[in-house]
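Okay, structure first, notes after.
Residue numbers (UniProt numbering), protein chains in the order written: chain A, 1 to 277; chain B, 1 to 277.
Below is the structure:
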């Protein structure tokens, strides 16, 4: 096994690369796995992307992202369910079994985090069986609490698992992303809880540095540059039984200004250095 | 009881006002309580501030802040303990019984949150008895997890109470600040836990809006402008037995550009509107 066998490059880390450029760069570097995002895939065409990825011999580890399931307005809610159904179909077409969900924030004017989380559960009860029919698992991704109001009311692995465990594990699990959970001293125990029922559907790495940029979206740091003990988190998920791919997903304005192939090579090297084979 | 009896204006909310201007504005508006910060107090003089505040008939609800107790370097550690001892003395001189602690972030290059929290406990074992001798209680303030690396490794009320409960309640308790805990679904139970042992040493209000500004320090929103159900949190602390002052502490670049008296009047009005007398 080479050190990159479990490495997956999330497309957003090198979003400056087109899909054909990404496939070619992966081939040159020996990268075998990619995590894809819906918007660039839709731009290139879902079927065309599937063909490109298949012919390049790449495995799609996840599709990001479904979710945004917290609307109270019936029309917005129906639209969200439709959109998530399409996301499931796209995941199936791309040949991945994992759709990552970012649950959504508070509706405008609402202060009710509890109600928003219950609406997510309601939506999952519709989506999860649909996804199963397509051979796709849903992975609820808890996002850092700094996103609780506007992006994701699910802020901890505890909350994500409380939602996921209402459904069978092959329908709904969680996404474990170091950037979002590294501060949480309960997270190791929650990873064990997730692993015990087979609910770790993906494991993603990013590092944490400060100062955070305005809007706090695009400050996810290159592996090794920040405060997160990445290898410790890898040990937690592997002790919990996770043997799947490890995705590196960085949103970083500085990385995006650089040559995408160079960033991919650097990311692969950092992965090798900061994970245990 | 007027609606402002329990209102305390934290000095940072209107930092554009000098201490005499603040005292005068409080008198004009019927504001009875202030929370002070060490830096402007030191600039004006600690004794002089104490005299000014006393003659204005104001009560000092808290002094912010001690803390930054996570250094590993022995010299830096000794300097931090010295500085905190001075902070205790300043609190006593100002006539407040509560010193708020911001615990400190990770030392440069460290990824060890657990070790940092243990160093805080070690420091408290020195500081807490010193503070008691001066009639001062220490209030550990959990800061939002977005500050975990560079400012405060204590990110939840749970962690703050786990530290505080190693000491008598009249020595060490917690600061409950809505801005830092509003996302945490365990916080209501932890407030009850804190109240049951008399450890809610201060209650502070700020609201949460996005996008967060670069550095995420100065985006604390005016009461009512954001996502936090302030009255619900007031109910939690009061159900837990808290009857003390309610401080409004906003760090907000936009508020700081405005006339300080106008901001104080607005803040008092918002307090009246968004709290229960």
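Each residue gets a CB set at the ideal place from its N, CA and C atoms; glycine is no exception.
Minimum Cβ-Cβ distance from residue i to chain B less than 8 Å
i: residue 107 of chain A; result: no
i: residue 155 of chain A; result: yes
i: residue 227 of chain A; result: yes
i: residue 279 of chain A; result: Nothing can be reported for residue 279 of chain A, as the shown portion of chain A is limited to 1 through 277.
i: residue 298 of chain A; result: The structure shown does not extend to residue 298 of chain A, since chain A is modelled only from 1 to 277, so the question has no answer here.
Whole-Å CB distance - residue i paired with residue j, under 8 Å assumed
i: residue 260 of chain B; j: residue 41 of chain B; result: In fact, because the Cβ distance is near 17 Å, the residues do not count as touching under 8 Å.
i: residue 246 of chain B; j: residue 212 of chain B; result: About 24 Å; that fails the 8 Å criterion.
i: residue 163 of chain B; j: residue 117 of chain B; result: 7 Å
i: residue 143 of chain A; j: residue 102 of chain A; result: 6 Å
i: residue 52 of chain B; j: residue 19 of chain B; result: 6 Å
i: residue 161 of chain B; j: residue 194 of chain B; result: 6 Å
i: residue 138 of chain A; j: residue 148 of chain A; result: Going by Cβ atoms, the distance from residue 138 of chain A to residue 148 of chain A rounds to 20 Å, so no, they are not a contact pair.
i: residue 90 of chain B; j: residue 54 of chain B; result: Contact doesn't hold; Cβ gap of about 15 Å is too wide.
i: residue 70 of chain A; j: residue 17 of chain A; result: That pair is no contact at about 32 Å.
i: residue 172 of chain A; j: residue 200 of chain A; result: The pair is not a contact, with the Cβ atoms about 12 Å apart (cut-off 8 Å).
i: residue 30 of chain B; j: residue 11 of chain B; result: No, residue 30 of chain B and residue 11 of chain B are not in contact; Cβ-Cβ is about 18 Å, not under 8 Å.
i: residue 209 of chain B; j: residue 226 of chain B; result: 4 Å
i: residue 95 of chain B; j: residue 50 of chain B; result: 6 Å
i: residue 22 of chain A; j: residue 5 of chain A; result: Between residue 5 of chain A and residue 22 of chain A the Cβ distance is about 19 Å, and since that is not below 8 Å, they are no contact.
i: residue 124 of chain A; j: residue 81 of chain A; result: Wrong, their Cβ atoms sit about 10 Å apart, outside the cutoff.
i: residue 271 of chain B; j: residue 217 of chain B; result: Not confirmed; about 22 Å, so no contact.
i: residue 242 of chain B; j: residue 203 of chain B; result: 6 Å
i: residue 136 of chain A; j: residue 88 of chain A; result: 5 Å
Simplified DSSP state of residue i, which is helix, strand or coil
i: residue 263 of chain B; result: helix
i: residue 5 of chain B; result: coil
i: residue 73 of chain A; result: coil
i: residue 299 of chain B; result: The question about residue 299 of chain B has no answer, for chain B in this structure spans 1 to 277.
i: residue 81 of chain B; result: helix
i: residue 258 of chain A; result: coil
i: residue 288 of chain A; result: Residue 288 of chain A cannot be examined here, being either before or after the span of chain A that is shown, 1 to 277.
i: residue 59 of chain A; result: strand
i: residue 31 of chain B; result: coil
i: residue 249 of chain A; result: coil
i: residue 269 of chain A; result: helix
Residue-chain proximity (residue i, chain A), Cβ-Cβ < 8 Å
i: residue 159 of chain B; result: yes
i: residue 1 of chain B; result: With a pLDDT of 46 at residue 1 of chain B, under the threshold of 50, the modelled position of that residue is not reliable, and the figure given next carries that caveat. Cβ-Cβ to chain A under 8 Å: no for residue 1 of chain B.
heavy atom of the ligand COA below 7 Å from residue i C-beta
i: residue 105 of chain A; result: Because no ligand of any kind appears in the structure shown, any question about the ligand COA cannot be addressed here.
Any chain C beta carbon closer than 8 Å to residue i
i: residue 93 of chain B; result: Protein chains A and B are contained in the structure displayed, whereas chain C is not.
Checklist entry - Going along the segment 186 to 218 of chain B in order, which residues come within less than 7 Å of chain A, judged by CB to CB distance? => result 208, 210, 211, 212, 213, 214, 215, 216
Checklist entry - Name the residues in the segment 133 to 149 of chain A whose C-beta lies less than 7 Å from a C-beta of chain B; which are they? => result 144, 145, 146, 148, 149
Next on the checklist: Could you tell me which whole alpha helix (DSSP H) segments of length 4 or greater appear in the segment 95 to 140 of chain B?
Outcome noted: 113 to 133
Checklist entry - Quick one, which residues of the segment 229 to 250 of chain B are near chain A if we go by CB-CB under 7 Å, in chain order? => result 229
Checklist entry - Curious, which full-length alpha helix (DSSP H) runs of at least 4 residues does the segment 142 to 169 of chain A contain? => result 157 to 164
Checklist entry - Given a limit of 9 Å on CB to CB distance, which residues of the segment 168 to 186 of chain A reach chain B? => result Listed by position along the chain: 182, 183, 184, 185, 186.
Checklist entry - For the segment 48 to 60 of chain B, which residues have a CB atom closer than 8 Å to at least one CB atom of chain A, in sequence order? => result none
Checklist entry - At which residue ranges does the segment 166 to 224 of chain A contain complete beta strand (DSSP E) runs of 3 or more residues, listed in the order of the chain? => result 172 to 177, 200 to 205
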